[in-house]
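S.K.: Mind looking over this structure? Questions follow.
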Amino acid sequence: MRGAIAAREERLLSDPAAALRAAREAQEAGKLERAASVLREVSKRHPVVSSHAGWMRAEIALAKGDPVRARQIAQAALSAERDPLVESRLYASLGAAEAAVGNGAAAREAW
């Protein structure tokens, strides 16, 4: 049984679009740890979508009440992002994280 689960997980993670969908579905179902785990793997395996996965991970960290971690994730993803849509989402997450830790000036700058 464990081998079947591992094989299914490996197939999921081999397809970045399917993995991002699975992470989003887990997030929407309230399975934040599962979503974050999938997104960490997606970031490692598929650099082309790693910033998008980073944005999703930052949003999960905010949902879990960890703005410091959200800020770290967003900043790391921003250092490599060149897609304007993902970049804008990362800045929004960064601003929310800064606001949550009481750093209004940095939040306004990010937004």
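Just so you know, we're using this note's numbering here: the sequence shown kicks off at 3 and counts up by one. In this text, a Cβ means the ideal position worked out from N, Cα and C, and glycines have one as well.
Looking at the structure shown, is His48 part of a helix, part of a strand, or coil, going by DSSP?
M.R.: As a position in the sequence shown, residue 48 is number 46, starting the count at 1. His48: coil per DSSP, three-state reduction.
S.K.: Near Ile75, which residues of its chain fall below 7 Å by C-beta distance, leaving aside the five closest residues on each side in sequence?
M.R.: By one-based count along the sequence shown, residue 75 stands at place 73. Excluding positions up to five away in sequence, the list reads Gly56, Arg59, Ala60 and Ala63.
S.K.: Taking a contact to mean a Cβ-Cβ separation below 9 Å, would you say Arg47 touches Ala37 in this structure?
M.R.: Position 45 of the sequence shown, counted from the start, is the residue given in the question as residue 47. Position 35 of the sequence shown, counted from the start, is the residue given in the question as residue 37. Not closer than 9 Å, so no.
S.K.: Closest to Val50 by C-alpha separation, out of Ala112, Gly97 and Ala79, would be which residue?
M.R.: Within the sequence shown, numbered from 1, the residue matching residue 50 stands at position 48. Cα-wise, what sits closest to Val50 is Ala79.
S.K.: My output table needs one value for Ala28: the three-state DSSP class, helix, strand or coil.
M.R.: Here residue 28 refers to the residue found at position 26 of the sequence shown. Of the three classes helix, strand and coil, the one that applies to Ala28 here is helix, per DSSP.
S.K.: What is the DSSP secondary structure of Val103, reduced to helix, strand or coil?
M.R.: Numbered from 1 along the sequence shown, position 101 holds the residue referred to as residue 103. Of the three classes helix, strand and coil, the one that applies to Val103 here is coil, per DSSP.
S.K.: Quick check: what's the CA-CA separation for Asp85 versus Gln77?
M.R.: For the purposes of this step, residue 85 is identified with residue 83 of the sequence shown, where counting begins at 1. For the purposes of this step, residue 77 is identified with residue 75 of the sequence shown, where counting begins at 1. Distance between the alpha carbons of Asp85 and Gln77 is about 15 Å.
S.K.: Residues in its own chain within less than 6 Å of Pro69 by CB, not counting five upstream and five downstream?
M.R.: One-based indexing of the sequence shown puts residue 69 at position 67. Counting only Cβ-Cβ distances below 6 Å, and skipping sequence neighbours, we find Ala99, Ala102 and Val103.
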